[in-house]
Amino acid sequence: MAEVAYFTKEGLEKLKQELQELKTTGRSAISNAIAEARDKGDLSENAEYDAAKEAQGLHEAKIAQMQETLASARILDESKLDVSKVLALSVVKIKNVKSGATMSYQLVAESEADMKSGKISVTSPIAKGLLGKSVGQIAEIIVPAGKMEFEVLEISR
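Here the sequence shown is numbered in our numbering, starting from 109 and rising by one per residue.
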């Protein structure tokens with residue numbers, strides 16, 4: 109059974125739209141590519157046909173994976189979440205104890221993570237280290253570069 113995935117309402121809608129796009133436009137494009145390759149003759153030595161069939165397999169696997177994610181998806185109601193500690197969907201302002209640099213991140217589902225907009229996955233090492241911490245606490249986090257310490261400055265929604 110799939111692990112439960114938590115989403116914001118917007119994130120879940122985006123996932124549903126992407127799945128619909130894959131099922132309609134994506135399948136149609138792959139079907140056309142297979143038909144074009146088939147029209148080019150002998151299928152036993154047709155690399156384009158083989159590539160199109162492989163792309164179809166990968167496309168269907170992605171659709172199946174997204175359907176499984178949707179089946180186990182749950183929407184988090186931000187209004188009911190505790191702001192005294194870091195949880196999924198928290199916006200947390202942290203300070204690197206060593207360098208003094210401050211940064212803000214929102215902890216979101218893996219599929220919604222986007223570093224450019226300040227959204228990190230709750231499964232990332234930094235987010236895992238911050239989960240459950242309160243304002244003023246220091247989180248010691250093991251990252252690929254070694255051990256880092258972050259102080260939680262602020263938690264909001």
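Idealized CB from N, CA, C, for every residue including glycine.
These figures come from a predicted structure and were not determined experimentally.
Contacting residues, own chain, Cβ-Cβ under 6 Å from residue i (five flanking each side not counted)
i: Met-109; result: The predicted model places Met-109 with a pLDDT of 47, which falls under 50 and marks its position as unreliable, so this point remains unresolved.
Among the options, the one whose alpha carbon lies nearest that of residue i
i: Thr-133; options: Ser-192, Ile-171, Thr-177, Asp-150; result: Ile-171
i: Val-251; options: Gln-175, Lys-117, Ala-235; result: Ala-235
i: Phe-258; options: Val-243, Lys-203, Ser-219, Met-174; result: Lys-203
Residues sharing a beta bridge with residue i, DSSP
i: Glu-262; result: Lys-201
i: Met-211; result: Ile-202
i: Glu-176; result: In DSSP, Glu-176 forms no bridge with anything.
i: Lys-124; result: Answer by DSSP bridge pairing: none, since Lys-124 is not bridged.
Beta-carbon proximity list for residue i, same chain, < 7 Å, skipping 5 on both sides
i: Ala-181; result: Ala-113, Phe-115, Leu-120
i: Ser-264; result: Val-191, Val-199
i: Ala-160; result: Ile-138, Ala-141, Ile-142, Ala-145
Exposure label - residue i; buried when at least 16 CB within 10 Å
i: Glu-220; result: buried
i: Val-117; result: Looking at the sequence itself, residue 117 is Lys, so the reference to Val does not match. Per the 10 Å Cβ criterion, exposed.
i: Thr-210; result: exposed
i: Ser-229; result: buried
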